[in-house]
Amino acid sequence: MIDNELKEVHPKIIQALLDKETDLSVEDALENEMILNMGPQHPATHGVLRLVLRLDGETVVACVPELGYLHRGYEKLAENMTYYEFIPHTDRLDYISPMANNVAWVLAVEKLIGIEAPPRAQYIRMMVAELARIASHLVAIGAFAMDVGALTIFLWTLREREKILDIWDMLCGARFTNSYTRIGGVSNDIPPDALAKAKWFIDQFDDNLTECEKLINTNRIFIERVDGVGVISKEDAIEIGFTGPNLRACGVELDLRSNQPYLKYDQIDFNVVTHSEGDSMARYFVRADECRESAKIVRQVLEKMPEGNIILDQPKKVPAPKTGIYTKMEELIHDFMIVNFGINPPEGEIYNAIEGSKGELGFYLVSKGEGSPWKCKIRSPSFCNLQGLPKLVVGQMVSDVVAIIGSIDPLMGEADK
Amino acid sequence: MGLESLLKDNGFFTTTVDALAGWARKSSVWPMPMGISCCAIEMMAVGDPKYDIARFGSEVMRFTPRQCDLMIVAGTVTYKMAPVVRKIYDQMPEPKWVIAMGACTASGGIYRTYSVVQGIDQFLPVDLYLAGCPPRPDNLLNALITMQDKISRTKAADFKNAKLPELNVIQKN
Amino acid sequence: MISAELLNTKLKEQFPELDFEISEFRDELTLALPANNIVEVCKYLKTNPELEFIMCMDITAIDWSRRKDRFTVVYNIFSFKNNSRLRLKANLKNTDNKIDTVSSVWEAANWHERETFDMYGIEFNGHPDLRRMYLPEDFEYHPLQKDFPLMGIPDSIPLPKKENDR
Ligand code: SF4
Chain A
10 MIDNELKEVH PKIIQALLDK ETDLSVEDAL ENEMILNMGP QHPATHGVLR LVLRLDGETV
70 VACVPELGYL HRGYEKLAEN MTYYEFIPHT DRLDYISPMA NNVAWVLAVE KLIGIEAPPR
130 AQYIRMMVAE LARIASHLVA IGAFAMDVGA LTIFLWTLRE REKILDIWDM LCGARFTNSY
190 TRIGGVSNDI PPDALAKAKW FIDQFDDNLT ECEKLINTNR IFIERVDGVG VISKEDAIEI
250 GFTGPNLRAC GVELDLRSNQ PYLKYDQIDF NVVTHSEGDS MARYFVRADE CRESAKIVRQ
310 VLEKMPEGNI ILDQPKKVPA PKTGIYTKME ELIHDFMIVN FGINPPEGEI YNAIEGSKGE
370 LGFYLVSKGE GSPWKCKIRS PSFCNLQGLP KLVVGQMVSD VVAIIGSIDP LMGEADK
Chain B
11 MGLESLLKDN GFFTTTVDAL AGWARKSSVW PMPMGISCCA IEMMAVGDPK YDIARFGSEV
71 MRFTPRQCDL MIVAGTVTYK MAPVVRKIYD QMPEPKWVIA MGACTASGGI YRTYSVVQGI
131 DQFLPVDLYL AGCPPRPDNL LNALITMQDK ISRTKAADFK NAKLPELNVI QKN
Chain C
25 MISAELLNTK LKEQFPELDF EISEFRDELT LALPANNIVE VCKYLKTNPE LEFIMCMDIT
85 AIDWSRRKDR FTVVYNIFSF KNNSRLRLKA NLKNTDNKID TVSSVWEAAN WHERETFDMY
145 GIEFNGHPDL RRMYLPEDFE YHPLQKDFPL MGIPDSIPLP KKENDR
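Residue numbers (this note's numbering), protein chains in the order written: chain A, 10 to 426; chain B, 11 to 183; chain C, 25 to 190.
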């Protein structure tokens, strides 16, 4: 797990470490310092993040994160496939909340083509995106607590998460990696049992979350390990590009759902949760409170969900339902064109972002009027949040590093792309 | 387990060392969760109360390779990650087994790109490929049971050519 | 939201010589400007009290393949105050593929520029720590360039050997 064989560390990384300005008080720095390699296979790095730390005793003097152990070449892939084919790939970006990624991608493509999904589809998307947020935050809270030593809560939050996965299972047949949304709508309507299960889940969720919170909110060990650890100021957080819960924990009220409403968020009543401390504890509180807000949104969505189509009726841009394709000539032709040549959006470029569970998840698409994007850039929140990590850990103890990584909740699938 | 039924009156029964060792090994496999990406989430899910891998004696997930005998490679292995995976595999004590979980580890899965290793069997010996993207937790449990079968059939003779440094030292003395 | 006119007048006022162009597509503002002026314009956009683009969301590049000036660097910035986004685009001259770094303006630009360097091979003058972001340090190519094949160059990254195995 941890080894300090220096030859394993690339010379350029060492150089970056040594270049960091530090104000060490000891005379002979080399006598007292040590370079510690953490990861990429480490239980606390949430995947394959690797940190190279320069230590003075127990205190972190400098930290260089090393990414790319999960670089899968998404942007190159996107350039080589049609807009439809990329939907399954978005699942695996932030694999804890795949539904939200699906929604982000189709919204971006819809903006590029210039179409809008029917209202019912938008409400369904909102519901699944919020459920995804709850699922993601539950894992974040559980893993965070587990990192600082509270294992029980991890099992409890996973239990809640399993219920959401069950809803998704009924909805589209996959526990996660759903690929549920389609350009112009969603793949199928919500079956009644999934709707009932969602209602049931929301009704019991508050109590269960409170139960989980009770375990740690008053727990001395937990509080002392996270309270005041990894503090970042508002200005620094904006400067370094934090978004999502991490930014809101510093007291900045930036939530794309209310700042630049997409889908039907303007018709929903919810609060943007902020805390002002900017430490690990605040980040945890923001996530927990956001789960409640999301549950509130889902409840309203379930009440307000209109009847109607779930996918746009525009065979030129949106593949028609299979029954149409098998029985009507024109639909068959369009389907053939879409499958073979793609949807050919107009020439231009757009950037569209949603408030994902980790922060602003955006897609920048450049189209040359062809079936596949000329360029696709994924603005992944975890990547930007990770950039702030050195700021947070410098000056803290080694054991706090674990807590801080847990609190900023990076996801390497998304950070490495 | 039926062992008591074999111990008739005097408490004797005959078997081979291989069979006994295999039987003991297979029921307490300690996995090394090599969780790299999405599949790792499903690997986490088998540990949760709903699927409960403890029923099969494998809940002891150790994060240090020195204590493990089954490596579950869950997730996309990139070229940059491959040396790390291999190094961890090398650190595990013999006998050891590998489950390649998910399409990515078996063939690169949906990633036919420059950075993803198209199948971890290029640098690791794999005992079991597990289909799915991701495989459902039930599927992983099934894989574990299949693996237990294989483990119970392992013979000491299989390791004739393997390097066992500790054993050599004992024989010399 | 910041309108194109406001931006236009502001920039004309501040940089009378600047040769820029503002376009709008699907309600998104794009400002195309020469690569030499990028740092001063960025500084101005960040510090002007009416604009205040204090957040750098993203930096990337586009490879136009066969065009004469092959690369365009794209900046995506955000202003809290006006709750609006702006995209800056700077065309690079084909001769050098270099541009000045904006990491002195926004700290967040640091990693984004490293990523752009890794993926496109564009060098950022004055960048504090220009290393590869994702790929191994000894990898020679820049994968998002259009002439790099999707499956990569065989054997460009070594795999561990399979030896002593059962
Ligand atoms: S097989 Fe599928 S779920 Fe598993 S790691 Fe690969 S992409 Fe992710």
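Glycine is no exception: its CB is placed at the ideal position from the N, C-alpha and C atoms.
Counting C-beta pairs closer than 8 Å gives fewer than three between the segment 282–295 of chain A and the segment 312–328 of chain A, which falls short of the contact rule.
Distances between the C-beta of residue 176 of chain C and the heavy atoms of the ligand SF4 are all 7 Å or more.
Short note on residue 239 of chain A: C-beta not closer than 7 Å to any heavy atom of the ligand SF4. For residue 66 of chain A, no alpha helix (DSSP H) encloses it, and the DSSP letter there is neither H nor E.
Residues of chain A with a Cβ closer than 7 Å to the Cβ of residue 82 of chain B do not exist; the shortest Cβ-Cβ separation is about 13 Å. A heavy atom of the ligand SF4 is found nearer than 7 Å to the CB of residue 48 of chain B. The segment 72–86 of chain B makes contact with the segment 42–58 of chain B, as at least three CB pairs between them are under 8 Å. Contact check for residue 303 of chain A and residue 143 of chain A: beta-carbon distance about 5 Å, within the 8 Å limit, so the pair qualifies. For residue 134 of chain B, the closest C-alpha among the options B:167, B:95 and B:103 is that of B:95.
Scanning its chain for C-beta atoms nearer than 8 Å, with the 5 sequence neighbours on each side dropped, one finds around residue 405 of chain A the residues 68, 69, 238, 239 and 413, in chain order. Residue 281 of chain A and residue 267 of chain A have their C-alpha atoms some 8 Å from each other.
When the beta-carbon positions are compared, residue 105 of chain B and residue 76 of chain B stay at least 8 Å from each other.
At least one CB atom of chain A sits nearer than 8 Å to the CB of residue 153 of chain C. The bridge partners DSSP lists for residue 130 of chain C come to none. Residue state for residue 87 of chain C is assigned as strand, using DSSP reduced to three classes.
Within its own chain, the residues whose Cβ lies closer than 8 Å to the Cβ of residue 117 of chain C, once the five positions on either side in sequence are excluded, are 59 and 93, listed in chain order. In the DSSP assignment, residue 194 of chain A is bridged to A:191 and A:320. When the beta-carbon positions are compared, residue 82 of chain A and residue 126 of chain B come within less than 8 Å of each other. Distances between the C-beta of residue 143 of chain B and the heavy atoms of the ligand SF4 include at least one below 7 Å.
At least one heavy atom of the ligand SF4 lies less than 7 Å from the C-beta of residue 120 of chain B. Contacts with chain A at 8 Å (Cβ-Cβ) include residue 167 of chain C.
A direct Cα-Cα distance of roughly 49 Å separates residue 347 of chain A from residue 285 of chain A. Segment contact: the segment 76–94 of chain A against the segment 147–158 of chain C, three or more CB-CB distances shorter than 8 Å; contact assigned. Close partners of residue 142 of chain A in chain B (Cβ separation under 9 Å) are lacking, with about 16 Å as the shortest Cβ gap. Using a C-beta cut-off of 8 Å, the segment 66–73 of chain B makes no contact with the segment 109–123 of chain B, since fewer than three inter-stretch Cβ pairs fall below that distance. In the DSSP assignment, residue 409 of chain A falls within the unbroken alpha helix (DSSP H) covering 407–417. Residue 397 of chain A sits in coil when the DSSP states are folded into three classes, being neither helix nor strand. Taken in chain order, the members of the segment 49–80 of chain A whose beta-carbon sits within less than 8 Å of a beta-carbon on chain B are 49, 50, 51, 52, 56, 57, 77, 78, 79 and 80. Cβ proximity to chain A below 7 Å picks out 86, 88, 90, 91, 94 and 98 from the segment 82–99 of chain B. Residue pairing by DSSP leaves residue 114 of chain B without any beta bridge partner. The Cβ atoms of residue 82 of chain C and residue 373 of chain A sit closer than 8 Å to each other. In this structure, the CA atom of residue 355 of chain A is about 7 Å from the CA atom of residue 122 of chain A.
Interface residue (Cβ-Cβ distance to chain B less than 8 Å): residue 82 of chain A is classified as such.
Any Cβ of chain C closer than 8 Å to the Cβ of residue 124 of chain B would place that residue at the interface, and such an atom is present. Per DSSP, residue 221 of chain A lies in no beta strand (DSSP E) segment; the continuous alpha helix (DSSP H) that holds it begins and ends at 201–226.
Under the 8 Å criterion on CB atoms, residue 97 of chain A is classed as interfacial with respect to chain B.
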